[in-house]
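Working notes, structure below.
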Amino acid sequence: MHDKDLVIIPAFNESEALPEVLADLRRVLPGIDVVVVDDGSADETARVAALVPGVTVLRLPFNLGIGSALRTGFRYAVAEDYQRAVQLDADGQHDPAEIPRLLEALDGADFVIGSRFSTGSTTYEVGHTRRGAMRILQLALHLLSGRRFSDTSSGFRAFDRSVLEYFAVNYPSEYMESVEVLLQASYEGFRIAEVPVRMNARAGGRPSTLRLGLAYHYVRVLVTLVVRASRRRAAPVAAPTDDEGAAP
Amino acid sequence: MIPADVFAAADPSSEVGAMTPRAHVFVAVAAIGVLVFIVRLVRRHGLRTKYSLLWISVGVALATLAVFPDLLTVVSELLGIYYPPATLLLLAVGFLFLVVVHFSWEMSRSEERIRVLAEELALLRERAERSGAQVGGTSDRPSDAGD
Chain A
-10 MHDKDLVIIP AFNESEALPE VLADLRRVLP GIDVVVVDDG SADETARVAA
40 LVPGVTVLRL PFNLGIGSAL RTGFRYAVAE DYQRAVQLDA DGQHDPAEIP
90 RLLEALDGAD FVIGSRFSTG STTYEVGHTR RGAMRILQLA LHLLSGRRFS
140 DTSSGFRAFD RSVLEYFAVN YPSEYMESVE VLLQASYEGF RIAEVPVRMN
190 ARAGGRPSTL RLGLAYHYVR VLVTLVVRAS RRRAAPVAAP TDDEGAAP
Chain B
2 MIPADVFAAA DPSSEVGAMT PRAHVFVAVA AIGVLVFIVR LVRRHGLRTK
52 YSLLWISVGV ALATLAVFPD LLTVVSELLG IYYPPATLLL LAVGFLFLVV
102 VHFSWEMSRS EERIRVLAEE LALLRERAER SGAQVGGTSD RPSDAGD
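Protein chains in written order, with this note's numbering: chain A, -10 to 237; chain B, 2 to 148.
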């Protein structure tokens, strides 16, 4: 059992921004363990990450998407017996100095989301289309889960052991998994908390969503959410520890 | 309601559902071609038995129809379809629809399995490198360039 915490950094073609992110992390939190999951990058991501002492690199053989990269990180955390973990983006938009606040919030929750939009955080500019689409997702999420989340696409999150174990097996691999997983975690009965955080503009890499296919992607997420919700009402799918839906 | 003999009246030279000898031969050859093609796929390219059985039964059904074209007329009458070729199309479209849906499901399942395998591979690779570095004292990573 580890008394250390783990930072999970999923990275796809982030060799430009990653060294600075890792250096920052080392400077701010020297005692924390770091695992970089290289999601089949075509550039030097895995190599630059391995250059930093104390950073573990997991290399996926081909690009599987953020969901699978994260799930790999969760599997690693569970296998290496970490009790808590934080997810941090490789592009430098998350400030490592906020990590302790996310971890502190785990005292009263199982799953903590660093939110750009909840009160107290500084401004983070998003485009109009994107903001509108996010609102629709928030509404769908609210209708399906009965909860409100101010930031449904945050990749700055903290997890306790129970959530890590659940996500190591069940983390979704569909597009924009951060939305779906909120619904999933609510249904599983995990205690979810939001903590306001500062986020920087991207230091490198490309935004994960292109405007061109935006509408299609949001429709896809909506469908995923509805499917997720309908599954809950149906029989529990391969969930041995699920006592919620086990009644005849 | 359209009486069945409307078509017969429109084309007095042949009964509905009947085939000219040339069409007969054509369908028979096509059916044999399908069977040969499937058997070759199984033998040379490792087509899974479950799929080969599926397509062989299609070939057999086609061959049966080629030999007994009246079967189609009989089935059409049973289903209440006046125009036998429509029966053939209906069955073909329905069958292909089911096959494609089944393939979508199988592909989803295969993709998920490949994901899990790749994730496990990443963990094992790291573990192997770590123990290799401890035993051999080298920090060289196995090269995976050029894939």
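Yeah, the Cβ is synthetic: ideal placement off N, Cα and C, and Gly gets one too.
Is there a C-beta anywhere in chain B that falls below 8 angstroms from the one on Phe156 of chain A?
no
DSSP-derived helix/strand/coil call for Ile3 of chain B:
In this predicted model, Ile3 of chain B has a pLDDT of only 47, less than 50, meaning its place in the structure is not dependable; the value taken from the coordinates is given anyway. Three-state result, Ile3 of chain B: coil.
Quick one: is Val208 of chain A buried, meaning 16 or more other Cβ sit within 10 Å of its Cβ, or exposed?
exposed
Between the Cα of Val94 of chain B and those of B:Leu122, B:Met108, B:Val59 and B:Val68, spot the shortest distance and give me the residue it belongs to.
B:Val59
For Ser219 of chain A and chain B, any beta-carbon pair shorter than 8 angstroms?
no
Going along chain A in order, which residues have a C-beta closer than 7 angstroms to the C-beta of Glu107 of chain B?
The contacting residues do not exist; Glu107 of chain B stays about 17 angstroms from chain A at best.
Is the number of C-beta pairs between the stretch 82 to 90 of chain A and the stretch -2 to 18 of chain A that are closer than 8 angstroms three or more?
yes
From Ile82 of chain B to Val170 of chain A, what does the alpha carbon distance come to, in whole angstroms?
50 angstroms
Between the CA atoms of Gly103 of chain A and Val186 of chain A - distance to the nearest angstrom:
5 angstroms
Beta-bridge partners of His83 of chain A, as assigned by DSSP
A:Met188
Say the cut is 7 angstroms; is the CB of Glu78 of chain B nearer than that to a heavy atom of the ligand NAP?
Looking for the ligand NAP in the displayed structure turns up nothing, as the structure carries no ligands at all.
Three-state class that DSSP yields for Ala218 of chain A in the structure shown:
helix
For Gly62 of chain A, count neighbouring C-beta atoms within 10 Å of its own C-beta (all shown protein chains included) and say buried if the count is 16 or more, exposed if not.
buried
Beta carbon of Pro8 of chain A, beta carbon of Ala58 of chain A: below 8 angstroms?
no
List, in chain order, every chain A residue whose beta-carbon is nearer than 9 angstroms to that of Leu124 of chain B.
Leu47, Thr61, Arg64, Tyr65 and Ala68
Check whether the stretch 140 to 156 of chain A touches the stretch 175 to 185 of chain A, counting contact only when three or more Cβ pairs, one atom from each stretch, lie closer than 8 angstroms.
yes
Our contact map puts Thr141 of chain A next to Leu126 of chain A with C-beta atoms below 8 angstroms; I'd like the distance itself, whole angstroms only.
5 angstroms
What residue range is occupied by the uninterrupted alpha helix (DSSP H) comprising Met61 of chain A?
Checking the sequence shown, residue 61 of chain A turns out to be Thr, not Met. Segment Ile55 to Ala68, the alpha helix (DSSP H) holding Thr61 of chain A.
So, helix, strand or coil for Arg146 of chain A, using DSSP?
strand
For Leu53 of chain A and chain B, any beta-carbon pair shorter than 8 angstroms?
yes
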